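Here the structure comes first, spelled out in structure tokens, and everything after it is commentary.
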Amino acid sequence: MCGIVGAIAGRDVVPVLIEGLKRLEYRGYDSAGIAVVEGDTVRRVRRTGRVSEMEVAAQAEGLAASLGIGHTRWATHGGVTESNAHPHVSQGVALVHNGIIENHEAQRERLTALGYAFESQTDTEVIAHLIHHHLDGGLDLLQAVQAATRELEGAYALAVVSRDAPDRMVCARMGCPLLIGLGDGENFIASDVSAIIQATRRVIFLEEGDTAELTHAGVAVYDETGAPVARGEHLSDVSLASLELGPYRHFMQKEIHEQPRAIGDTLEAIIDAAGFEPGLFGADAAEVFDGVRGVQILACGTSYYAGLVAQYWIEAIAGVPCRVEIASEYRYRKVVPDPGHLIVTISQSGETLDTMEALKYAKSLGHTRTLSICNVPESAIPRASRLVFYTRAGAEIGVASTKAFTTQLVGLFALAATLAKLGGHLPAEREAEYIDSLRHLPGSIQHALNLEPQIASWAERFSPRHHALFLGRGVHYPIALEGALKLKEISYIHAEAYPAGELKHGPLALVDADMPVVVIAPKDELLEKVKSNMQEVRARGGELFVFTDADSNFGASEGVHVIRAPRHVGVLSPIVHTIPVQLLAYHTALARGTDVDKPRNLAKSVTVE
Ligand code: HGA
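My numbering runs 24 ahead of the 1-based position in the sequence shown.
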């Protein structure tokens, strides 16, 4: 989604802003712009389309200055046009904004009555005029931003500069992530650390309601009451290599291939702890888990499917009731709370707005046992949770989540096993067996990756199709859902997933020779049932594409294509079977020529509602 970068330095910051915006491109956007304070004027360049087009325009106009802000916009209010692109300017005040201002219509009426003319259809422009209005009333830039934000309802991360304050930059956050980068005689603002990592690793994460003023020499942060406050400094460990493509064609391909490493890194804590101990989830975990009567998982998209896999594990392994709900549904429904339940939120970025709001809602209902499964340290959701399990996937740039999903599954499996152990359901020999399977997991993932050439040959057959069905049973049904989602997201082929047993209750009507049917069919206790479901498809002329493992006893035949993982890996099988469906989506998209890393209409880190 939208990205923010800002810099104040003793050098030309335009290249810093452009590079920062390029590093934010992965989040998804439709237009980009920068504004700089040059002497006593504000100059800005905005373009719809790519940052590189805006860069060319900025060079042509000779933009160069030591103070500036930049933005990649993913439109929520107002179409994708140059006049709606950020920065927005009000008489020398320039501002970029992530989020949604809910009372923008009332503010627009009020500001129009005060004589302000609007140039865009965005909710954002009201903020620029509000700040100008308060500057006109005699406040300085920081005070004007603080006064304006008190009048806003909704979510925002803001970076603001003014021609009347050429030695400072002001920022504010509420509901959207924002951080400050500390340099040597220069300072930065960013919505995501990747935007400034080339300049500094020293960062301060702003808290809800904070404002801050940055000069060359220093940074002052104020809390929601306007009182000065000290926020801790962190050293970011995001690696530059994780932000570069290296020898791969796409970040998605790179991230699919990084999974053995990502899973190995995520497993380190578990293997080091020599077992499934509450301490894996935080210092308070023994207390939080004590007497847990049930688990409520809240998540969106791919993370929701990770939650569905976890539901099978938590009930089967730990014997603890588990429910999974889409966060955007939970947050708006009358929920019957049970403080004995553990609330588990899953979010790659830790900033997913619907998941954050669902967590806040659960807490408002009296839930105090909260755990976040997250890939980004110090992000909002883990900070709002008592416990956290950090997946160690590294930066995920491709919009379609891959390594974040499989590492989330590792964390959720550890949760199921830990709850089982606490409940007396995990005998020592089974625990040792699980640890052993986890140790071998990176190798099993690598074996699945080695199937890529065979999967790529299937993709050729998929690419001309308009629809596909995915089937699975039990713990592999969520993997069918994830496979269908991946195919939809990046190849734009309409795909649906069903529990294979549901076939005859409706979707069988869709099956004919034009409908490829992908089946996740490992050698587990449901294999014979799945085989019957496959017969139902064949009998209607449907073409089957089956992912199985070496231990199953069926082979390819007329209309039945089979790809086999080398061996069945037991309880961790859904993690291994994720790899083929990721590769199938990737190669199908490649064959169709879509923009794999930036699929149309989608964005990474969904920080708006
Ligand atoms: N509401 C603003 C910013 C949108 C945003 O944050 N998207 O991620 C706009 O539409 O310009």
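All residues carry an ideal CB built from backbone N, CA and C; glycine is no exception.
In this text, all values refer to a predicted model and were calculated from it rather than measured experimentally.
{"Item": "Residue from Arg187, Thr146 and Leu473 with nearest C-alpha to His156", "Value": "Arg187"}
{"Item": "Alpha-carbon to alpha-carbon, His500 and Ile367", "Value": "24 Å"}
{"Item": "Segment contact, 8 Å Cβ cut-off, at least three pairs: the region 560-575 with the region 531-540", "Value": "yes"}
{"Item": "Proximity test, Ala99 beta-carbon vs the ligand HGA heavy atom, cut-off 7 Å", "Value": "yes"}
{"Item": "Touch test, the region 338-356 against the region 369-388, Cβ-Cβ under 8 Å, three pairs minimum", "Value": "yes"}
{"Item": "Continuous beta strand (DSSP E) stretch holding Arg68: start and end", "Value": "Thr65 to Thr72"}
{"Item": "DSSP-derived helix/strand/coil call for Gln432", "Value": "helix"}
{"Item": "Unbroken beta strand (DSSP E) run spanning Asn122, endpoints", "Value": "Val117 to Asn122"}
{"Item": "Cβ neighbours of Ile287 in the same chain (closer than 7 Å, five flanking residues each side left out)", "Value": "Thr430, Thr431, Val434, Leu465, Pro466 and Ile469"}
{"Item": "Span of the alpha helix (DSSP H) around Tyr329", "Value": "Gly325 to Trp337"}
{"Item": "Proximity to Leu475 [Cα-Cα], best of Leu607, Glu453, Glu520 and Asp460", "Value": "Leu607"}
{"Item": "Distance between beta carbons of Ala31 and Arg68, contact taken as under 8 Å", "Value": "Wrong, their Cβ atoms sit about 15 Å apart, outside the cutoff."}
{"Item": "beta-carbon Thr394 near the ligand HGA non-hydrogen atom, thresh 7 Å", "Value": "no"}
{"Item": "Of the residues Gly162, Leu596, Lys510 and Asp548, the one placed nearest Pro623, counting alpha carbons only", "Value": "Lys510"}
{"Item": "Check whether Ala297 and Leu304 have beta carbons under 8 Å apart", "Value": "yes"}
{"Item": "Start and end residues, alpha helix (DSSP H) containing His158", "Value": "Glu149 to Asp160"}
{"Item": "Leu203 and Ala419 closer than 8 Å at C-beta", "Value": "no"}
{"Item": "Exposure of Arg174, with buried meaning 16 or more beta-carbon neighbours within 10 Å", "Value": "exposed"}
{"Item": "Proximity test, Thr148 beta-carbon vs the ligand HGA heavy atom, cut-off 7 Å", "Value": "yes"}
{"Item": "Per-residue DSSP class, three states only, for Ser409", "Value": "coil"}
{"Item": "First and last residue of the uninterrupted beta strand (DSSP E) at Glu567", "Value": "Glu567 to Asp573"}
{"Item": "Presumed contact (8 Å Cβ cut-off) between Ile228 and Arg255, rounded CB distance", "Value": "5 Å"}
{"Item": "Beta-carbon spacing of Arg20, His365 below 8 Å", "Value": "In the structure as shown, the chain begins at 25 and stops at 633. Residue 20 is therefore absent and cannot be evaluated."}
{"Item": "Proximity of Leu596 and His281 at Cβ, strictly below 8 Å", "Value": "no"}
{"Item": "Local Cβ density within 10 Å of Pro201, reported as buried at 16 or more and exposed below that", "Value": "buried"}
{"Item": "Cβ shell of Gln115 (< 7 Å), same chain only, five flanking positions each side left out", "Value": "His156"}
{"Item": "Residue range of the unbroken alpha helix (DSSP H) whose run includes Ser76", "Value": "Val75 to Ala84"}
{"Item": "Any non-hydrogen atom of the ligand HGA within 7 Å of Gly325 CB", "Value": "no"}
{"Item": "Buried/exposed call for Tyr356, threshold 16 Cβ in 10 Å", "Value": "exposed"}
{"Item": "DSSP state of Ala251 mapped onto helix, strand, coil", "Value": "coil"}
{"Item": "Own chain residues within Cβ distance below 7 Å of Gly233, not counting five before or after", "Value": "Met198, Asp247 and Glu248"}
{"Item": "The beta strand (DSSP E) enclosing Arg588, as first and last residue numbers", "Value": "Val584 to Ala589"}
{"Item": "Through-space distance from Glu257 to Asp208, alpha-carbon basis", "Value": "14 Å"}
{"Item": "Cβ-heavy atom distance, Asn127 to the ligand HGA, below 7 Å", "Value": "no"}
{"Item": "C-alpha distance - Leu264 paired with Met558, whole-angstrom precision", "Value": "46 Å"}
{"Item": "The ligand HGA heavy atom lying under 7 Å from the CB of His110", "Value": "yes"}
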